[in-house]
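Using the numbering used here, read the sequence shown as starting at 1075 and increasing by one per residue. Okay, structure first, notes after.
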Amino acid sequence: MAFRGTFDYTLDAKNRLTVPSKFRSALADGVVLAQGLDRCVALWTPAAYDAFTQATLAGRNPASSEARQLQRFFSANSVDTELDSAGRVMVPPFLIDYAGLARDVVVTGAGDNLEVWDRATWSDYNRELATRVTELTESLGHPS
């Protein structure tokens, strides 16, 4: 399933996030919450997170300092969890701190995962992204 869209939510008093209902079935077999590469919390299916980390590490010498650091980052800064009966996940304090999440958050689709952003942070980031999208797409070039 491709994760698309932008949804406004709030974290409750226990730091639980309600996952958009249209994505709950895709996450029914488990959820990985992880530090995003940007200042957000990423929600993955376990299989997609494993595929992402493996693709990132592919071709690197597993004994290299770079590979060990990346593996450590991916493993230490993620947690396996499940949706509760109300379709929520509890966001651990270390991820809330990392992403600077306040009560008001935005859940955004990011293709193979969802991202949770502080609402004000997302607004600023998305505004800047919109001004750069043409430059970003032009810099990609075209396949031969």
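The beta carbon of each residue, even a glycine, is placed where N, CA and C say it ideally should be. Predicted model only: the values in this text are computed from it and were never measured.
So what's residue i in DSSP terms, helix, strand or just coil?
i	result
ARG1090	strand
ALA1184	coil
LEU1175	coil
ASP1082	strand
ASP1154	strand
Nearest to residue i by alpha carbon, out of the options?
i	options	result
SER1152	LEU1111, PRO1136, TRP1191, ARG1134	LEU1111
CYS1114	GLU1209, ASP1186, THR1182, ALA1204	THR1182
VAL1179	GLY1185, SER1197, PRO1120, ASP1186	SER1197
ALA1085	ASP1192, ALA1141, GLN1143, ARG1177	Note that residue 1085 is Leu in the sequence shown here, rather than Ala. Per the Cα distances, ARG1177.
Can you have a look at residue i and say buried or exposed, based on whether 16 or more other CB atoms are within 10 angstroms of its CB?
i	result
GLU1156	exposed
THR1208	exposed
LEU1210	exposed
Looking at residue i: is its Cβ nearer than 8 Å to the Cβ of residue j?
i	j	result
VAL1190	VAL1105	no
Can you list, in chain order, the residues of its chain with a C-beta nearer than 6 Å to that of residue i? Leave out the 5 residues immediately preceding and following it.
i	result
ASP1186	ALA1122
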